[in-house]
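Protein sequence lines, in the order shown, are assigned to chains A and B.
Following the numbering used here, the numbering of the first sequence begins with 1 at its first residue and continues without gaps.
Following the numbering used here, the numbering of the second sequence begins with 340 at its first residue and continues without gaps.
All C-beta atoms in this analysis are idealised placements derived from N, C-alpha and C, irrespective of residue type, glycine included.
Working notes for the structure below.
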Amino acid sequence: MTRVGVVGFASEVVSASDDRNDAELLAPVVDRALEASRVSPTDIEVVGTAGSEFLNGVVGGVMGAFDALPGWPPRAHSHLEADGAFALYESWVRLMAGEGRAALVCAFSRPLAHDPLSVLALQLDPYLVQPVRPDATSLAALQARALVDSGRYRESDFATVVTARRGGGDVDDLLRDPYIASPLRPLDCSTVCSGAAAMVLAVDEVAGRSEGRPAWITGIGHRMERQSLGARDLSMSPSTSAVSTDVGLSGSAVDVLEVHAPYSHQELILVEAMSAAEIDRLNPSGGALPADPVMATGLIRIGSAAAAITSGQAHRAAGHATNGACLQHNLICLMEADR
Amino acid sequence: MAGLRAPHTVTYSYRRSTGGATRVFLAGLASKEIWASRSATGSIEIPPVDWDPRTGAATEEFVRLGEQGVVRSWTWVSSPGVNSPLPQPFALALVQMDGADTALLHVVDAGDEESMSTGMVVHADWRAEGTGSILDIRAFVPGPVKGDQVPTSGPLDSSLTEAAGRGLTVDVDTNVSIPYTYVPGLTLSGFLLALGERRIDGGRCPSCSGVYVPPRSRCPECRIGPLEPVGLPDRGSIASYTVVHIPFPGLTMELPFVCAWIRLDGADVPFAHLVGEVDPDDVKVGQRVEAVWVPDRDLAPTWESVSHFRPTGEGQ
Chain A
1 MTRVGVVGFA SEVVSASDDR NDAELLAPVV DRALEASRVS PTDIEVVGTA
51 GSEFLNGVVG GVMGAFDALP GWPPRAHSHL EADGAFALYE SWVRLMAGEG
101 RAALVCAFSR PLAHDPLSVL ALQLDPYLVQ PVRPDATSLA ALQARALVDS
151 GRYRESDFAT VVTARRGGGD VDDLLRDPYI ASPLRPLDCS TVCSGAAAMV
201 LAVDEVAGRS EGRPAWITGI GHRMERQSLG ARDLSMSPST SAVSTDVGLS
251 GSAVDVLEVH APYSHQELIL VEAMSAAEID RLNPSGGALP ADPVMATGLI
301 RIGSAAAAIT SGQAHRAAGH ATNGACLQHN LICLMEADR
Chain B
340 MAGLRAPHTV TYSYRRSTGG ATRVFLAGLA SKEIWASRSA TGSIEIPPVD
390 WDPRTGAATE EFVRLGEQGV VRSWTWVSSP GVNSPLPQPF ALALVQMDGA
440 DTALLHVVDA GDEESMSTGM VVHADWRAEG TGSILDIRAF VPGPVKGDQV
490 PTSGPLDSSL TEAAGRGLTV DVDTNVSIPY TYVPGLTLSG FLLALGERRI
540 DGGRCPSCSG VYVPPRSRCP ECRIGPLEPV GLPDRGSIAS YTVVHIPFPG
590 LTMELPFVCA WIRLDGADVP FAHLVGEVDP DDVKVGQRVE AVWVPDRDLA
640 PTWESVSHFR PTGEGQ
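Written as structure tokens, this is what we have:
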């Protein structure tokens with residue numbers, strides 16, 4: 001059976017004051033990923049991209065980003081309005097189906113709306129939810145409250161996640177911060193920024209040509225829950241549990257686990273739901289809290305896990321990505337090096 | 340180099356018709372009634388659904404609930420936005436109506452955060468005039484129902500719905516306005532700044548020598564960049580054109596007018612602009628045209644610094 005491995009990855013996150021457009025942001029990242037992979041641009045037969053025009057407000061603006069991609073001759077290219085991790089999933093399926101031997105997966109993000117996360121909240125049910133105009137942080141706070149009320153975690157656990165991901169700080173000090181949406185405080189919420197990521201996938205025949213150490217994808221899948229927030233137990237993530245079992249993460253050990261949690265409490269829910277037997281290093285990249293280029297954040301988690309393998313720092317690693325309100329849709333990619 | 344930035348607001352409006360369970364629910368709210376769905380397995384869902392999410396079986400019936408419920412989760416919105424359902428601080432909450440198995444996202448008008456707690460009893464406070472909107476419930480308010488309101492611990496009515504039979508049409512209007520800061524990027528900023536100085540700049544690919552106007556950050560064919568800046572004349576030829584006769588929202592031109600693909604001398608790709616000072620019937624592919632610039636005092640970093648193109652009369 002065909003094997004597909006991650007053979008190159010690069011990403012860059014930049015502040016909102018960066019004046020580059022999508023193509024200018026993405027092109028150098030694509031260059032670095034291709035260079036690391038040692039796959040020639042002419043070998044790329046499948047291209048998967050992801051981004052959101054709702055975030056930057058430029059209708060048709062994604063087309064501008066395509067100048068950063070190998071453009072001629074035309075390739076099989078699919079663009080998603082979703083996190084780049086879902087473009088990775090689609091590209092993996094297409095390589096497994098024999099549609100090509102190498103793929104380039106990209107995500108780019110310039111959240112130029114004044115309140116980017118609430119723009120995404122406008123994509124909720126337009127009949128019964130949108131008229132109430134919930135903002136994204138308030139929706140996440142409903143989930144955080146449900147988690148506290150479940151008795152499994154406390155606000156001090158949220159603060160412990162914050163100190164780990166944001167590189168320091170004192171839990172008691174954090175708990176003295178005023179709420180932004182109780183029980184969440186400003187540092188519990190990710191810092192939204194711009195960024196881009198590019199990943200090169202190759203089937204074994206092409207991956208074997210490079211001298212690098214591919215991160216072979218041994219399991220990848222995603223599951224989605226109901227859209228009605230009031231019909232879900234928000235303190236749990238059954239979609240994550242199911243996909244963790246699907247891909248073979250549940251009950252097994254990983255050297256590195258990268259979790260896409262834009263809010264501190266979501267890391268607690270996700271790690272519990274994945275039920276890995278052992279996690280040697282959790283979010284060594286820092287995770288989504290300190291830098292959240294929305295729509296690239298999940299692909300960067302998976303790319304960071306892959307990079308831990310390709311650089312020799314891990315033998316088995318997994319990355320996770322989420323989409324939608326309150327962890328509605330979850331994807332896990334489990335990767336391993338050759339023995 | 341710093342790029343340009345500009346405010347940019349996107350607005351859009353939809354009128355959505357409703358059907359099935361959503362229509363039943365919204366039509367009920369217009370009459371100050373709260374309707375839920377009962378599945379074959381007996382679970383009572385609010386908002387009501389057409390199919391059981393577990394089995395896919397069609398909803399067996401709609402049942403009417405009372406006006407009281409409990410808060411399942413909540414957060415405090417201390418600074419309501421211009422679009423918020425209440426002008427004063429409020430709680431966003433998941434409210435589980437008595438007798439239901441799922442909760443409804445709504446707001447609780449509680450006065451202050453200290454009055455909120457998970458599990459607290461609330462009841463619906465209705466607007467005077469229902470319109471078939473989730474906001475026909477103005478808010479939930481703390482405490483059990485009182486007076487002429489409908490209390491219950493379960494469905495009031497398990498017969499097939501009165502609301503469903505009413506045949507009311509319920510539409511949901513959505514009006515969205517999103518403020519952005521537009522950032523065109525470094526390459527396009529250079530092009531726009533040149534327009535503000537009465538110049539049209541292109542970019543030449545160092546590999547294939549193709550000249551693009553507006554310039555791009557990389558050659559779309561060779562994927563090489565940056566392109567070499569190249570100043571272009573403000574005259575060229577019509578590559579293709581159309582005559583617009585139909586009005587559309589945002590139209591500022593007098594009808595009919597000519598929109599053309601114009602290829603400047605020395606450029607390899609055309610761009611779209613307006614052609615004026617000519618009868619639309621006299622426009623031809625290949626016709627020579629030149630830019631008509633706005634007065635110097637009106638020059639700005641925008642394509643609108645070129646008011647339009649007009650025939651030069653060359654070759655006629």
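- prompt: What residues in the region 555-569 of chain B have a beta carbon less than 7 Å from any beta carbon of chain A?
  reply: Arg555, Ser556, Arg557, Pro559, Glu560, Arg562, Gly564
field: Assigned secondary structure, B/Gly504 (DSSP; H/G/I helix, E/B strand, else coil)
entry: Position 165 of the second sequence, counting from 1, holds the residue named residue 504 of chain B. Summary for B/Gly504: the model assigns pLDDT 48, below 50, so the residue's position carries little reliability; its value from the coordinates is reported in the next sentence. In the three-state scheme derived from DSSP, where H, G and I count as helix and E and B as strand, B/Gly504 is classed as helix.
message: So, under 8 Å CB-CB, A/Leu142 and A/Leu229 are touching, yes? Tell me the CB distance rounded to an integer number of Å.
response: Indexing the first sequence from 1 puts residue 142 of chain A at position 142. Indexing the first sequence from 1 puts residue 229 of chain A at position 229. With a Cβ gap of about 7 Å, A/Leu142 and A/Leu229 count as contacting.
task: Sort A/Phe54, A/Val171, A/Cys333 by Cα distance to A/Leu187 and report the nearest one.
output: For the purposes of this step, residue 187 of chain A is taken as residue 187 along the first sequence, with counting starting at 1. Nearest C-alpha to A/Leu187: A/Val171.
query: Between the region 387-396 of chain B and the region 526-544 of chain B, do at least 3 Cβ pairs fall closer than 8 Å?
result: No, the region 387-396 of chain B is not in contact with the region 526-544 of chain B.
- request: Pick helix, strand or coil for A/His260, following the three-state DSSP scheme.
  value: One-based indexing of the first sequence puts residue 260 of chain A at position 260. Coil at A/His260, not helix or strand.
- request: Verify whether the separation of the beta carbon atoms of A/Ala102 and B/Arg557 is less than 8 Å.
  value: Position 102 of the first sequence holds residue 102 of chain A. Position 218 of the second sequence holds residue 557 of chain B. In this structure, A/Ala102 lies away from B/Arg557, with their beta-carbon atoms at least 8 Å apart.
- prompt: Contact check, A/Phe158 vs A/Ala136 under 8 Å by CB: the rounded distance?
  reply: Walking along the first sequence from the start, residue 158 of chain A turns up at place 158. Walking along the first sequence from the start, residue 136 of chain A turns up at place 136. That belief does not hold up - the Cβ atoms of A/Phe158 and A/Ala136 are roughly 17 Å apart, past 8 Å.
query: Helix, strand or coil: how does DSSP classify A/Phe54 here?
result: Within the first sequence, numbered from 1, the residue matching residue 54 of chain A stands at position 54. If DSSP states are grouped into helix, strand and coil, A/Phe54 belongs with the helices.
- prompt: Name the chain B residues whose beta carbon is nearer than 8 Å to that of A/Gln130?
  reply: Counting from one through the first sequence, the residue named residue 130 of chain A turns up at place 130. Neighbours of A/Gln130 on chain B, chain order: Thr513.
message: Below 8 Å on the Cβ atoms is my contact criterion, and I expect B/Gly450 with B/Ala369 to pass it. Report the Cβ-Cβ distance as a whole number of Å.
response: Residue numbering aside, residue 450 of chain B sits at position 111 when the second sequence is read from its first letter. Residue numbering aside, residue 369 of chain B sits at position 30 when the second sequence is read from its first letter. Between B/Ala369 and B/Gly450 the Cβ distance is about 28 Å, and since that is not below 8 Å, they are no contact.
- prompt: In chain order, what residues of the same chain have a beta carbon less than 7 Å from the beta carbon of B/Gly504, not counting five sequence neighbours either side?
  reply: The sequence position of residue 504 of chain B within the second sequence is 165, counting from 1. For B/Gly504, the predicted model reports a pLDDT of 48, less than 50, meaning its position is unreliable and no value from the coordinates is stated.
message: Applying the 10 Å Cβ sphere with the 16-neighbour rule, what's the burial state of B/Asp635?
response: The residue given as residue 635 of chain B occupies position 296 in the second sequence. If you draw a 10 Å sphere on the C-beta of B/Asp635, you find fewer than 16 other C-beta atoms in it, and that means exposed.
query: To the nearest whole angstrom, what separates the beta carbons of A/Ala196 and A/Ala306, a pair I think is in contact under 8 Å?
result: Counting from one through the first sequence, the residue named residue 196 of chain A turns up at place 196. Counting from one through the first sequence, the residue named residue 306 of chain A turns up at place 306. That belief does not hold up - the Cβ atoms of A/Ala196 and A/Ala306 are roughly 16 Å apart, past 8 Å.
A/Leu327 burial status per 10 Å Cβ neighbour count (16 or more: buried): If you number the first sequence from 1, residue 327 of chain A lands on position 327. A/Leu327 is buried by the Cβ-count criterion.
- request: For B/His584, count neighbouring C-beta atoms within 10 Å of its own C-beta (all shown protein chains included) and say buried if the count is 16 or more, exposed if not.
  value: Here residue 584 of chain B is taken as the residue at index 245 of the second sequence, counted from 1. By the neighbour-count criterion, in which a residue is buried when 16 or more other Cβ atoms sit within 10 angstroms of its Cβ, B/His584 is exposed.
message: On the criterion of 16 or more Cβ atoms from any shown chain inside 10 Å, does B/Leu433 qualify as buried, or is it exposed?
response: In the second sequence, counting from the first residue as 1, residue 433 of chain B sits at position 94. B/Leu433 should be labelled buried.
task: With DSSP collapsed to three states, give me the class of B/Phe530.
output: Residue mapping note: residue 530 of chain B aligns to position 191 of the second sequence, counting from 1. Correct three-state label for B/Phe530: helix.
- prompt: Between B/Asp510 and B/Ser356, which are expected to be in contact by the criterion C-beta below 8 Å, what is the C-beta distance as a whole number of angstroms?
  reply: The sequence position of residue 510 of chain B within the second sequence is 171, counting from 1. The sequence position of residue 356 of chain B within the second sequence is 17, counting from 1. Yes, they are in contact, since the Cβ atoms of B/Asp510 and B/Ser356 sit about 6 Å apart, within 8 Å.
task: Decide if the region 344-356 of chain B is in contact with the region 364-380 of chain B; the criterion is three or more beta carbon pairs, one per stretch, under 8 Å apart.
output: no
- request: Taking A/Ala68 as the query, report the chain B residues whose CB atoms sit under 7 Å from its CB, ordered along the chain.
  value: Here the question's residue 68 of chain A lines up with position 68 in the first sequence. Per Cβ cutoff of 7 Å: Arg557.
- prompt: Should B/Ala502 go down as buried or exposed, given a rule of 16 or more other Cβ atoms within 10 Å for buried?
  reply: Stepping through the second sequence from its first residue, residue 502 of chain B is reached at position 163. Per-residue confidence for B/Ala502 stands at a pLDDT of 47, beneath the threshold of 50, marking its modelled position as unreliable; the derived number appears in the next sentence. Buried: at least 16 other Cβ atoms inside 10 Å.
- prompt: A/Thr240 and A/Leu270: beta carbons closer than 8 Å?
  reply: For the purposes of this step, residue 240 of chain A is taken as the residue at position 240 of the first sequence. For the purposes of this step, residue 270 of chain A is taken as the residue at position 270 of the first sequence. In contact: A/Thr240 and A/Leu270 (Cβ atoms closer than 8 Å).
- prompt: What's the C-alpha gap between A/Arg344 and A/Arg316?
  reply: No statement about residue 344 of chain A is possible, as the shown extent of chain A runs from 1 to 339 and does not include it.
field: Rounded C-alpha distance that separates A/Ala288 from A/Val62
entry: The sequence position of residue 288 of chain A within the first sequence is 288, counting from 1. The sequence position of residue 62 of chain A within the first sequence is 62, counting from 1. Approximately 23 Å, taken between the alpha carbons.
- request: Step through the CB atoms of chain A and report whether any lies within less than 8 Å of the CB of B/Trp311.
  value: Lying outside 340 to 655, the shown extent of chain B, residue 311 of chain B is not represented and no answer is given.
task: Could you tell me the distance, in whole angstroms, from the CA atom of A/Gly319 to the CA atom of A/Met96?
output: As a working mapping, residue 319 of chain A is identified with position 319 in the first sequence. As a working mapping, residue 96 of chain A is identified with position 96 in the first sequence. Their backbone Cα atoms lie some 20 Å apart in a straight line.
task: Identify which residue in B/Arg574, B/Val402, B/Thr491, B/Arg377 has its Cα closest to the Cα of B/Arg393.
output: Locating residue 393 of chain B in the second sequence gives position 54, counting from the first residue. With distances taken between Cα atoms, B/Arg393 lies closest to B/Arg377.
Residues that B/Leu443 contacts on chain A, provided the C-beta gap is smaller than 7 Å: Locating residue 443 of chain B in the second sequence gives position 104, counting from the first residue. Per Cβ cutoff of 7 Å: Gly230.
query: Taking Cβ to Cβ, would you say B/Val569 is nearer than 8 Å to B/Val550?
result: As a working mapping, residue 569 of chain B is identified with position 230 in the second sequence. As a working mapping, residue 550 of chain B is identified with position 211 in the second sequence. Yes. Within cutoff.
- request: Note down, in chain order, each residue of its chain lying with its Cβ closer than 6 Å to the Cβ of A/Val132, except the 5 sequence neighbours on either side.
  value: By 1-based counting over the first sequence, the position of residue 132 of chain A is 132. Result list for A/Val132: empty, nothing under 6 Å.
field: Contact set between A/Leu122 and chain B, taken where Cβ atoms lie within less than 8 Å
entry: The count along the first sequence starts at 1 and reaches residue 122 of chain A at position 122. Residues of chain B passing the Cβ test: Val515, Ile517.
field: Simplified DSSP assignment, three categories, for B/Gly367
entry: If you number the second sequence from 1, residue 367 of chain B lands on position 28. Helix, per DSSP.
- prompt: Roughly how many whole angstroms lie between the Cα atoms of A/Thr322 and A/Ala314?
  reply: Taking the first residue of the first sequence as 1, we reach residue 322 of chain A at position 322. Taking the first residue of the first sequence as 1, we reach residue 314 of chain A at position 314. So the two alpha carbons sit approximately 23 Å from each other.
CB contact check: B/Ser423 to chain A, cutoff 8 Å: Residue 423 of chain B sits at position 84 when you count from the first residue of the second sequence. B/Ser423 counts as touching chain A.
- prompt: What residues in its chain sit with their C-beta under 7 Å from that of A/Ala23, if we drop five residues either side in the sequence?
  reply: Taking the first residue of the first sequence as 1, we reach residue 23 of chain A at position 23. For A/Ala23, where only same-chain residues beyond five positions count, the Cβ hits under 7 Å are Gly64, Ala65, Asp67, Ala68.
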